[in-house]
Structures are given as structure tokens and as C-alpha cells.
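Letter by letter, the sequence shown follows residues 5 to 300 in my numbering. Heads up, the thing below is written out as C-alpha cells.
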Amino acid sequence: MVFAAIDIGSNAIRLLFCRVHNVDGKPHYSKEELIRMPVRLGTDVFLNGKISEEKVTQLITALKGFYYLIKAYDVVSYRAVATSAMRDATNGNEIIKRVKDEANIDLEIIDGKLEASLVFSNHIEELLNPKHAYMYIDVGGGSTELTLYFDSKVIASKSFNIGTVRMLLDKVDKQEWEEMKVWVKRNTVGIHPLSAIGSGGNINKIFKLSGKKETKHISYDRVKAIYDMLNSYTIQERIERLDLKPDRADVIIHAAKVFLTVMKNGDIEKVFVPQVGLSDGLVHAMYEAHSKTLVK
5 MVFAAIDIGS
15 NAIRLLFCRV
25 HNVDGKPHYS
35 KEELIRMPVR
45 LGTDVFLNGK
55 ISEEKVTQLI
65 TALKGFYYLI
75 KAYDVVSYRA
85 VATSAMRDAT
95 NGNEIIKRVK
105 DEANIDLEII
115 DGKLEASLVF
125 SNHIEELLNP
135 KHAYMYIDVG
145 GGSTELTLYF
155 DSKVIASKSF
165 NIGTVRMLLD
175 KVDKQEWEEM
185 KVWVKRNTVG
195 IHPLSAIGSG
205 GNINKIFKLS
215 GKKETKHISY
225 DRVKAIYDML
235 NSYTIQERIE
245 RLDLKPDRAD
255 VIIHAAKVFL
265 TVMKNGDIEK
275 VFVPQVGLSD
285 GLVHAMYEAH
295 SKTLVK
């Protein structure tokens with residue numbers, strides 16, 4: 005069976021098609037297609053408080069295409085969510101109505117707590133050492149979601165308005181940075197060993213730039229080295245020399261800074277990069293809900 009998930013972020017929108025097989029009584033998730041469109045809603049919202057008509061038109065046009073792809077794929081179900089930029093936009097609810105009327109897509113705006121919960125629902129911790137603690141770090145264009153997992157359960161979770169597009173526009177309050185640092189330090193006291201689990205397109209690209217293939221993790225020192233390397237290049241050089249997309253080349257440096265900040269304040273030496281995100285979490289949630297209806 006195939007599920008579809010639409011993630012409308014601050015830097016881009018994504019459509020994921022994922023096939024779920026039942027193997028030995030457990031679901032196995034196989035990504036079939038991922039379509040990413042560089043519709044940067046965050047620029048409008050973080051500068052002007054609302055999404056411009058130009059961006060709304062671009063968004064709806066993309067979602068119309070997504071609608072027909074979903075129909076063609078004949079999915080079991082789909083779910084479309086919007087995060088930080090739409091949460092902050094004064095015309096967010098108006099856009100939801102237009103998306104329904106013009107693109108026939110049911111769209112919901114989710115808060116940071118639910119976003120963190122959906123990202124964490126990927127159950128990545130099941131693949132790792134249950135005796136260790138993990139800080140789930142999901143860095144988006146508008147916000148960063150942190151989830152601390154220890155002793156087989158979530159013990160703390162919080163969303164911060166620190167995102168790569170906000171940082172690019174210099175729209176992150178210094179107090180927000182301090183609150184995040186304090187939160188990380190307070191919640192990780194006495195928890196060792198502590199590793200991170202990184203989520204989001206930027207950490208996936210940083211991992212790729214590290215050249216590591218034999219393991220799924222990257223050290224703090226290696227992230228710092230890549231950060232320094234990226235900082236030495238202009239945005240154009242990142243596009244030409246590192247083959248980064250334009251809307252990745254200007255924000256990746258900011259994502260690296262967020263990861264380094266959290267890792268430093270949590271005394272975290274390495275970050276695992278399983279290459280999953282919000283759209284994957286949406287598929288997991290849809291499959292679990294679908295399974296319960298079958299049981300009934």
C-alpha cells in the first residue's frame with residue numbers, strides 16, 4: 005500500500021510517496037518518490053508577517069500538481085501539513101481555504117509540539133542502542149524541534165523559533181538562542197553518553213559532504229570542519245563547487261550552526277543521520293491509523 009505526505013515548510017514544500025510492506029509482522033517503509041519544490045514561504049512571513057499573493061499562487065500551482073500525482077498513484081491516504089511559516093502568517097487560515105477550493109487539498113497547520121512528535125514517530129531509536137540517550141534535532145526553515153529520548157521514552161521536547169530562513173533574514177531573537185542553550189543544558193545534565201539524531205535536508209547534505217559511507221553518523225568535529233569549509237565559500241561557489249541547489253546553498257551554513265550549538269551545549273560528540281523527516285513521520289502516523297481501522 006502507498007501513502008502520500010505533503011510537508012509545507014518555510015524553505016520548500018515536499019511530496020513523499022512511500023510504500024509500506026508488512027514483513028514478519030512489522031511494517032517496512034520504502035520511499036518511492038520525493039518531489040521537492042523551492043517555494044520559500046518564510047521570506048514573506050518573517051519579513052512582512054504574511055504570505056504574498058505571488059507566493060500563494062506559486063504554492064497553489066504546485067499543490068494542484070501534487071493533487072493529480074496523488075490521484076494517479078491511487079494512494080491509501082494522504083496528509084498535508086504546514087509548519088512554521090504558515091503558523092506565523094496572518095493569512096494562514098485564508099490560504100488553507102484557498103488551497104482546498106483551488107487545489108482540492110485538505111491542509112492543516114500544525115504546532116511545534118505536534119511537528120516534533122510526528123518527526124519522532126519515525127521510531128529511529130529502535131535502530132539504536134536502547135541504553136543510550138539521544139537528542140532528536142530537526143532543523144527547518146522557520147523552527148528547530150528538539151526531542152530528548154532516554155530510557156525508552158521521550159523525557160523532554162520543545163520547539164524554538166530558530167530556523168535557517170529566519171537566520172538568513174536575521175530574524176531570530178537573541179533571547180531565543182539563549183533559551184535554547186539553557187533548555188539543552190538543563191535537560192541533558194547527567195545524561196551520558198548522549199548522541200544526536202539529525203533530521204532535515206541540510207543535515208542530510210552535510211552528511212553527504214562528509215564523504216562518510218561506512219557509518220550513519222558524523223562527529224561534532226567533522227560538522228565543524230564542514231561548517232568552516234562552507235563559510236569559506238560564497239553562495240555561488242557552494243552552488244558551483246559543491247553542487248548545492250540555490251535554496252540550499254544560502255541556508256546550509258545556518259543549519260550547521262544550529263546543530264553545532266545544540267551539540268556543544270548538550271556535550272554531544274556525534275549525530276546520527278538516518279535521512280528521515282516530517283513527511284516520513286506523517287507516513288508512519290497514517291499507516292498506524294490505517295492499521296487500527298483494519299483491526300476494528
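All C-beta atoms, glycine included, are put in the ideal place defined by N, C-alpha and C.
Outcome for residue i when other beta-carbon atoms lying within 10 angstroms are tallied against a minimum of 16
i	result
T151	buried
L298	exposed
S147	buried
G215	exposed
K59	buried
V293	With the sequence shown as reference, residue 293 is identified as Ala, and Val is not the correct amino acid for it. Classification for A293: exposed.
G116	buried
R83	buried
D177	exposed
H32	exposed
H258	buried
Y71	buried
G29	exposed
D11	buried
D48	buried
Candidates the options: closest to residue i by CA position
i	options	result
K225	K274, K162, T148, M139	Note that residue 225 is Asp in the sequence shown here, rather than Lys. Among K274, K162, T148, M139, the Cα nearest to that of D225 is on K274.
I159	K178, T168, W187	W187
A229	A66, G285, A260, M5	A260
P42	N108, R18, S295, L51	R18
R23	V6, D247, K30, I272	V6
I141	S156, F70, S163, K135	S163
E182	A107, H25, N269	N269
T94	M184, Q62, S56	S56
H196	D155, K101, A66, N206	D155
L118	K212, E149, K101, R242	E149
G13	R91, E98, F21	R91
E98	R242, Y153, L264, T61	T61
D126	T265, Y153, A66, G96	Per the sequence presented here, residue 126 reads as Asn, with Asp not at that position. Of the candidates T265, Y153, A66, G96, the one whose C-alpha sits nearest the C-alpha of N126 is Y153.
K185	F211, D271, D105, K157	D271
N206	E241, K249, K135	K249
G96	D174, G46, K135	G46
K157	K175, H136, T265	H136
8 Å contact criterion, which residue i and residue j should meet: CB distance rounded
i	j	result
R252	K209	6 Å
V262	I166	6 Å
S88	G144	6 Å
F50	V169	6 Å
A9	I64	Contact flag wrong, Cβ pair sits at about 18 Å.
I256	L282	Not really, about 18 Å apart at Cβ, beyond 8 Å.
A16	R44	7 Å
Own chain residues within Cβ distance below 8 Å of residue i, not counting five before or after
i	result
R190	none
F276	I128, L132, Y138, S199, A200, I201, G202, K220, H221
N26	H32
Y237	R245, L246
I243	K249, P250, A253
Beta-carbon contacts of residue i that lie in its chain and below 7 Å, excluding the five residues immediately before and after
i	result
D254	L172, I239
Q279	N208
M290	F7, S81, R83
E180	F164, N165, I166
Cβ shell of residue i (< 6 Å), same chain only, five flanking positions each side left out
i	result
V193	none
K68	A107
S161	A120, T151
L213	I230
I100	L111
L20	A9, L38, S283
Stretch-stretch touch, CB-based, cutoff 8 Å, three pairs: the region 193-204 with the region 74-82: no
contact_flag[the region 280-291, the region 104-124] where n(CB pairs < 8 Å) is 3 or more: yes
Three-pair Cβ contact test at 8 Å for the region 96-111 versus the region 29-44: no
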